[in-house]
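Asker:
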Amino acid sequence: MNNSQKRTWVEILDIDGFKKINHVINKYSASDKLTEYQAFREELVLTPIKNIKVFATQFGDYKYMILAKLFLDKEMKVGYWIHFDGIAQERDLIKGNQSHAAMFAITCLSDLYNFGEPIKSLPIDENTLEFLTKTMNDFGARKIPYSIKRLQSFQNKDRGSENIL
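This is how it looks when you write it as structure tokens:
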């Protein structure tokens with residue numbers, strides 16, 4: 304997708320599924336000192352479903368920009384981040400291999416995105432939208448972060464295949 308094409312944003316309807324994905328990510332990326340981003344995602348998991356709105360757009364194979372809004376008692380918090388859907392990538396790599404059938408039972412962000420509701424406009428101000436678009440364009444021009452490359456390399460060695468990244 305080139306920069307001039309309009310991106311399709313969807314509202315994620317399965318908030319419970321989205322919270323479960325974030326819970327797993329939080330669990331495996333936990334540390335003693337949370338970054339602002341990690342703290343937001345922790346709060347998202349603890350927020351009641353009815354108080355959460357999530358929007359996403361896909362901007363490359365397995366890459367999504369997420370915008371989440373938490374409607375709390377006295378404030379609204381907004382967080383955004385790039386999500387790399389490693390589950391969807393792994394599914395594509397193992398298609399047809401029945402020994403990995405459990406992988407297809409795991410709900411991933413691509414599943415939630417595909418069943419989301421397309422929206423006409425993202426409910427944010429123009430400056431934030433411009434920032435998100437620039438972030439996606441900048442990120443799309445780079446390779447996947449080293450930590451993911453390293454993990455994929457390790458996983459592929461176990462299968463005896465070449466590094467896919």
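Anchor point for the sequence shown: position 83 equals 386 in this note's numbering, and the numbering is continuous, going up by one each time. Glycine included, each C-beta is placed from N, C-alpha and C at the ideal position. The structure displayed is predicted, hence computed values, not measured ones.
1. Determine, using beta-carbon pairs with one atom in the region 317-326 and one in the region 415-435, whether at least three such pairs fall under 8 Å.
2. Using the Cβ count rule (16 or more neighbours within 10 Å means buried), how would you classify Asn400?
3. Nearest-angstrom Cα distance between Ala391 and Lys377?
4. Considering only the alpha carbon of each residue, which of Ile409, Tyr383 and Asp388 lies closest to Glu433?
5. When burial is assigned at 16 or more other CB atoms within 10 Å of the CB, is Asn466 buried or exposed?
6. Fully enclosed by the region 375-451, which alpha helix (DSSP H) runs are 4 residues long or longer?
7. First and last residue of the beta strand (DSSP E) that includes Ile318?
8. Measure the alpha-carbon distance for His386 versus Trp312 and round it to whole angstroms.
9. Please classify Gly363: is it buried, with 16 or more other beta-carbons within 10 angstroms of its beta-carbon, or exposed?
10. With the cut-off set at 8 Å, would you say Ile346 and Leu373 are in Cβ contact?
11. Going by other Cβ atoms of all chains shown within 10 Å of its Cβ, with 16 needed for buried, is Tyr331 buried or exposed?
12. Taking DSSP as the reference, what is the three-state secondary structure of Lys353?
13. Do you know how far the Cα of Ile315 is from the Cα of Glu420?
14. Report the rounded CA-to-CA distance for Ile355 versus Phe343, giving the unit in angstroms.
15. With DSSP run on the structure shown, which of helix, strand or coil describes Tyr340?
16. Can you tell which of Leu349, Lys380 and Lys437 has the C-alpha that lies nearest to the C-alpha of Asn325?
Answerer: So, from the data block:
1. Verdict: yes, contact present.
2. Position 97 of the sequence shown, counted from the first residue, corresponds to residue 400. Classification for Asn400: exposed.
3. Looking up residue 391 in the sequence shown gives position 88. Looking up residue 377 in the sequence shown gives position 74. Spanning the two alpha carbons is a distance of roughly 37 Å.
4. Numbered from its first residue, the sequence shown carries residue 433 at position 130. When C-alpha distances from Glu433 are compared across Ile409, Tyr383 and Asp388, the shortest belongs to Tyr383.
5. Counting from 1 along the sequence shown, the entry for residue 466 is found at position 163. Caution applies to Asn466, whose pLDDT of 30 falls short of 50 and renders its modelled position unreliable; the model cannot decide the point.
6. Listed in chain order, the complete alpha helix (DSSP H) runs (minimum 4 residues) inside the region 375-451 are 389-397, 412-417 and 429-443.
7. As a first step, residue 318 is located in the sequence shown; it is residue number 15 there, counting from the start. Note, Ile318: premise wrong, no beta strand (DSSP E); alpha helix (DSSP H) at Ile318 to Tyr331.
8. The residue given as residue 386 occupies position 83 in the sequence shown. The residue given as residue 312 occupies position 9 in the sequence shown. Distance between the alpha carbons of His386 and Trp312 is about 14 Å.
9. Numbered from its first residue, the sequence shown carries residue 363 at position 60. Gly363 is exposed by the Cβ-count criterion.
10. If you number the sequence shown from 1, residue 346 lands on position 43. If you number the sequence shown from 1, residue 373 lands on position 70. It is Glu, not Ile, that sits at residue 346 in the sequence shown. Going by C-beta atoms, Glu346 is nearer than 8 Å to Leu373.
11. As a first step, residue 331 must be located in the sequence shown, where it is residue number 28. Tyr331 should be labelled exposed.
12. The residue you call residue 353 lines up with position 50 of the sequence shown. The three-state secondary structure of Lys353, taken from DSSP, is helix.
13. Taking the first residue of the sequence shown as 1, we reach residue 420 at position 117. Taking the first residue of the sequence shown as 1, we reach residue 315 at position 12. Annotation: Glu420 to Ile315 spans about 7 Å, alpha carbon to alpha carbon.
14. In the sequence shown, residue 355 corresponds to position 52, counting from 1. In the sequence shown, residue 343 corresponds to position 40, counting from 1. Rounded to the nearest whole angstrom, the CA to CA distance from Ile355 to Phe343 is 12 Å.
15. Your numbering for residue 340 matches position 37 in the sequence shown. Three-state result, Tyr340: helix.
16. Along the sequence shown, one-based indexing puts residue 325 at 22. Selected option, being the one with the closest Cα: Leu349.
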